[in-house]
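Per numbering that gives the first Met the number 0, residue 0 is the first one in the sequence shown, and the count goes up by one each step.
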Amino acid sequence: MTEAFFRERLQAIIDWADLAMKNRAEFDSHGVRNLDGPVFDAAREALAAAQAPAVNTEAKS
């Protein structure tokens, strides 16, 4: 699977979380509360790592 594949899925997860957080009355209050848990923390870390500048590991001549 490609990096783009995972980014698309991760973005969908974050979009869903944002929707639920903005519309708490429409969702189970306990479920919405869990949208800031470890899974979403890991998703945020993955997105941040993907946006970080790449480290050049090639030797300069």
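Where a beta carbon is used, it is the ideal one built from N, C-alpha and C, also for glycine. On a predicted model such as this, the values are computed, not experimentally measured, just so you know.
**OP:** Under the assumption that Ala45 contacts Leu9 (Cβ atoms under 8 Å), give the Cβ distance between them as a whole number of angstroms.
**Re:** 6 Å
**OP:** Please say whether Ala42 and Ile13 have beta carbons closer to each other than 8 Å?
**Re:** Yes, Cβ-Cβ distance for Ile13 and Ala42 is below 8 Å.
**OP:** Look up Asn22 in the DSSP assignment and say whether it is helix, strand or coil.
**Re:** The answer is coil: DSSP assigns Asn22 none of H, G, I, E or B.
Original post:
Are Ala24 and Leu34 touching if we call contact CB-CB under 8 Å?
Top reply: no
Original post:
Could you give the distance in angstroms between the alpha-carbon of Gln50 and the alpha-carbon of Gly30?
Top reply: 29 Å
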